[in-house]
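Novice: In the working numbering, the protein residues as written are 5 to 432.
1. The alpha helix (DSSP H) with residue 209 in it runs from where to where?
2. Taking all protein chains shown into account, do 16 or more other C-beta atoms lie within 10 angstroms of the C-beta of residue 249, making it buried, or fewer, making it exposed?
3. Look at residue 210 and residue 261 and say whether their C-beta atoms are less than 9 Å apart.
4. Given a cut-off of 9 Å on the beta-carbon distance, is the pair residue 325 and residue 284 in contact?
5. By the three-class DSSP mapping on this structure, what secondary structure does residue 233 have?
6. Whose CA, out of 35, 19, 38, lies closest to the CA of residue 29?
7. Closer than 8 Å is the cut-off here; do at least three beta carbon pairs connect the stretch 148 to 158 with the stretch 234 to 246?
8. Residue 150: beta carbon under 8 Å from a heavy atom of the ligand HEM?
9. Under 8 Å, with one C-beta from each stretch per pair, do the stretch 171 to 178 and the stretch 66 to 80 reach the 3-pair mark?
10. Please report the distance separating the alpha-carbon of residue 50 from that of residue 152.
11. Residue 106 and residue 187: beta carbons closer than 9 Å?
12. Compare the beta carbon distance of residue 52 and residue 63 with 9 Å and say whether it is the shorter of the two.
13. For the beta strand (DSSP E) that contains residue 18, what are its first and last residues?
14. Thinking C-alpha only, which one of 31, 273, 371, 315 is nearest residue 232?
15. Work out the CA separation of residue 216 and residue 117 for me, nearest whole Å.
16. Could you check the C-alpha separation between residue 95 and residue 339 for me, to the nearest Å?
17. Can you list the alpha helix (DSSP H) stretches of 4 or more residues lying completely in the stretch 31 to 86, in chain order?
18. Of the residues 196, 81, 114, 268, which one's Cα is nearest the Cα of residue 123?
19. Is it true that the CB of residue 135 sits closer than 9 Å to the CB of residue 208?
20. For residue 101 and residue 37, I'd like the C-alpha separation in whole angstroms.
21. With 16 other CB atoms within 10 Å as the buried threshold, where does residue 317 fall?
22. Please name the residue, chosen from 390, 386, 380, that lies closest to residue 143 on a Cα-to-Cα basis.
23. Can you tell me whether DSSP reads residue 216 as helix, strand or coil?
24. Could you pull out every residue in the same chain whose Cβ sits closer than 6 Å to the Cβ of residue 356, ignoring the five residues on either side in sequence?
25. Per DSSP, residue 201 is paired with what?
26. Under three-state DSSP, which class holds residue 262?
27. Beta-carbon within less than 7 Å of residue 376's beta-carbon, same chain only, minus the 5 sequence neighbours each way: which residues are those?
28. Would you decide whether residue 255 is buried or exposed? Buried here means 16 or more other CB atoms lie within 10 Å of its CB.
29. Run the CB neighbour count on residue 180, radius 10 Å, all protein chains shown included, and call it buried at 16 or more, exposed below.
30. Do residue 33 and residue 352 have their C-beta atoms within less than 9 Å of each other?
31. Grouping DSSP H, G and I as helix and E and B as strand, with all else coil, what is residue 345?
32. Does residue 97 pass the burial test, meaning 16 or more other C-beta atoms within 10 Å, or should it be called exposed?
33. Under DSSP, the alpha helix (DSSP H) around residue 107 begins and ends at which residues?
34. Indicate whether residue 40 and residue 114 have their beta-carbon atoms separated by less than 9 Å.
35. With a 10 Å radius around its C-beta and 16 neighbouring C-beta atoms as the bar for buried, classify residue 402 as buried or exposed.
36. What did DSSP end up calling residue 512 once you bin it into helix, strand or coil?
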């Protein structure tokens with residue numbers, strides 16, 4: 005039987021003036037590998053370069069905090085770029101990724117908004133003082149057994165934030181552009197503005213979380229103003245140097261939330277302004293089952309349809325996540341549904357996915373089971389591991405040093421026992 009062809013996935017594509025070697029990108033994901041104060045570590049470099057070595061033409065970083073104000077409410081560990089001290093370590097990361105022939109874009113965030121947390125209880129800032137709240141029915145099925153556990157419960161409802169002032173909005177935009185210039189100094193090939201998943205810019209876009217009565221609230225034109233102004237200022241400074249893209253959720257999937265039609269209008273506005281690509285995701289914290297799709301059927305029924313809708317109004321390249329079936333990925337690019345396939349959890353499970361597909365060794369791919377064990381560890385404040393890839397988190401070491409590490413050994417036994425005890429207590 006003739007082997008399927010995946011030629012389209014390995015055609016080059018240009019984003020602005022930057023040429024990618026193929027149509028495969030590693031999605032931005034926080035892996036908690038940075039230092040507690042936002043510097044790159046050896047493990048960070050090993051993690052990213054392992055995916056570049058595996059054949060991804062583009063690597064997109066985790067959300068890098070562009071401003072000091074935004075970093076105050078980071079409850080995980082992310083890279084930072086809010087002052088010049090961070091530039092050198094990020095340059096080392098860039099050079100390491102480049103050594104394998106991949107390009108690397110810096111995803112820069114202006115903040116988490118109401119989804120941020122401070123260690124001392126200081127209220128986070130948001131468009132309006134409205135906390136988020138996750139209902140059980142909007143959780144992925146794999147997380148529902150954790151209901152009642154301390155790890156999950158602390159994420160089910162956020163603290164009430166304070167309203168961000170107009171002066172802060174303007175000041176943060178200035179700081180954001182300064183971080184973009186540092187990204188250029190560090191050698192990044194592109195910049196991605198972070199606006200998905202119910203984080204700060206998404207909160208301004210959504211009528212559910214934005215109840216402001218000033219120029220940043222009300223109509224869609226007003227709600228998109230913060231994002232538009234950031235894009236405008238960024239493009240003014242860097243457009244002629246490196247490409248600028250935006251990542252957004254295609255829809256919020258919540259009653260009264262941001263719709264696909266509104267996102268299409270925002271995307272078209274951004275394209276007209278001069279952004280070079282549009283990176284889609286889906287859902288938000290409150291609609292986590294859309295943010296973290298549990299099956300390829302969900303991808304077919306939601307994300308790919310949304311990608312096709314966005315592609316119908318955009319001429320710039322778009323990136324679409326979660327298409328971890330090689331045949332479906334090839335079809336999506338060949339039929340013009342998306343220009344680039346973006347893999348997140350699948351790149352955790354098997355960093356060699358691109359090379360294996362290119363070599364026709366699809367039967368050797370370690371498939372992501374979408375079990376969310378990686379996320380469960382992060383909810384506990386632990387670095388992610390993978391149920392099918394014991395190398396995750398240990399990329400910087402000689403793997404023969406850990407002969408007894410096994411697949412499936414993800415959550416510590418003590419944590420599992422304690423969590424189960426708490427769940428049983430709640431269910432009584």
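C-beta atoms are modelled at their ideal positions from N, C-alpha and C, and glycine is treated no differently.
Specialist: Taking the coordinates as given:
1. For the purposes of this step, residue 209 is taken as the residue at position 205 of the chain shown. For residue 209, the enclosing alpha helix (DSSP H) covers residues 204 to 209.
2. Within the chain shown, numbered from 1, the residue matching residue 249 stands at position 245. Using a 10 angstroms sphere on the CB of residue 249, the tally of other CB atoms reaches 16 or more, which defines it as buried.
3. Along the chain shown, read from residue 1 onward, the residue named residue 210 stands at position 206. Along the chain shown, read from residue 1 onward, the residue named residue 261 stands at position 257. Going by C-beta atoms, residue 210 is nearer than 9 Å to residue 261.
4. For this step, residue 325 is matched to residue 321 along the chain shown. For this step, residue 284 is matched to residue 280 along the chain shown. Yes. Within cutoff.
5. Along the chain shown, read from residue 1 onward, the residue named residue 233 stands at position 229. Residue 233: helix per DSSP, three-state reduction.
6. On the chain shown, position 25 is the one that residue 29 refers to. Comparing Cα-Cα distances from residue 29 to each of 35, 19, 38, the minimum goes to 19.
7. Between the stretch 148 to 158 and the stretch 234 to 246 there are fewer than three C-beta pairs closer than 8 Å, too few to call the two in contact.
8. Although the ligand HEM was asked about, the structure shown includes no ligands whatsoever.
9. Short answer: they touch.
10. Within the chain shown, numbered from 1, the residue matching residue 50 stands at position 46. Within the chain shown, numbered from 1, the residue matching residue 152 stands at position 148. Roughly 36 Å separates the two Cα atoms.
11. Taking the chain shown and counting its residues from 1, one reaches residue 106 at position 102. Taking the chain shown and counting its residues from 1, one reaches residue 187 at position 183. At the C-beta level, residue 106 and residue 187 stay beyond 9 Å of one another.
12. On the chain shown, residue 52 is found 48 positions in, with the first residue counted as 1. On the chain shown, residue 63 is found 59 positions in, with the first residue counted as 1. Note that the C-beta distance between residue 52 and residue 63 is below 9 Å.
13. For this step, residue 18 is matched to residue 14 along the chain shown. Membership of residue 18 in the beta strand (DSSP E) is indicated by the continuous run 17 to 19.
14. Taking the chain shown and counting its residues from 1, the one referred to as residue 232 is at position 228. It is 273.
15. Reading the chain shown from its first residue, position 113 is the one you call residue 117. Reading the chain shown from its first residue, position 212 is the one you call residue 216. For residue 117 and residue 216, the distance between alpha carbons rounds to 14 Å.
16. Here residue 95 refers to the residue found at position 91 when the chain shown is read from its first residue. Here residue 339 refers to the residue found at position 335 when the chain shown is read from its first residue. A straight line joining the alpha-carbon of residue 95 with that of residue 339 spans about 37 Å.
17. The qualifying runs are 46 to 57, 72 to 75.
18. On the chain shown, residue 123 is found 119 positions in, with the first residue counted as 1. Distance check between residue 123 and each of 196, 81, 114, 268 places 81 closest, using alpha-carbon atoms only.
19. Taking the chain shown and counting its residues from 1, one reaches residue 208 at position 204. Taking the chain shown and counting its residues from 1, one reaches residue 135 at position 131. Residue 135 sits away from residue 208, with the two beta carbons spaced by 9 Å or more.
20. Counted from its first residue, the chain shown places residue 101 at position 97. Counted from its first residue, the chain shown places residue 37 at position 33. Roughly 16 Å between the two C-alpha positions.
21. Working through the chain shown from its first residue, we reach residue 317 at position 313. Residue environment for residue 317: exposed (fewer than 16 other C-beta atoms within 10 angstroms of its C-beta).
22. If you number the chain shown from 1, residue 143 lands on position 139. Of 390, 386, 380, the smallest CA-CA separation from residue 143 is found for 380.
23. Looking up residue 216 in the chain shown gives position 212. Assigned with DSSP and collapsed to three states, residue 216 falls in coil, not helix or strand.
24. Here residue 356 refers to the residue found at position 352 of the chain shown. Correct list, in chain order: 58.
25. Position 197 of the chain shown, counted from the start, is the residue given in the question as residue 201. For residue 201, which the question treats as bridged, DSSP gives the partners 288.
26. If you number the chain shown from 1, residue 262 lands on position 258. Coil, per DSSP.
27. Within the chain shown, residue 376 is the residue found at index 372, counting from 1. Within the same chain, residue 376 has close Cβ partners 144, 146, 147, 296.
28. The sequence position of residue 255 within the chain shown is 251, counting from 1. By the 10 Å Cβ count, residue 255 comes out buried.
29. As a first step, residue 180 is located in the chain shown; it is residue number 176 there, counting from the start. In this structure residue 180 is buried. Its beta-carbon is surrounded by 16 or more other beta-carbon atoms within 10 angstroms.
30. Translated into positions along the chain shown, residue 33 becomes position 29. Translated into positions along the chain shown, residue 352 becomes position 348. In terms of Cβ geometry, residue 33 and residue 352 form a close pair [threshold 9 Å].
31. Translated into the one-based positions of the chain shown, residue 345 becomes position 341. Collapsing the DSSP output to three states places residue 345 in a strand.
32. Numbered from 1 along the chain shown, position 93 holds the residue referred to as residue 97. Around the beta carbon of residue 97, 16 or more other beta carbons lie within 10 angstroms, which makes this residue buried.
33. Indexing the chain shown from 1 puts residue 107 at position 103. Judged by DSSP secondary structure, residue 107 falls outside any alpha helix (DSSP H) and instead within the beta strand (DSSP E) spanning 107 to 113.
34. For this step, residue 40 is matched to residue 36 along the chain shown. For this step, residue 114 is matched to residue 110 along the chain shown. In terms of Cβ geometry, residue 40 and residue 114 do not form a close pair [threshold 9 Å].
35. Here residue 402 refers to the residue found at position 398 of the chain shown. For residue 402, the number of other beta carbons within 10 angstroms of its own is below 16, and it is reported as exposed.
36. Within the shown structure, residues of the chain are numbered from 5 to 432, placing residue 512 beyond reach of any answer.
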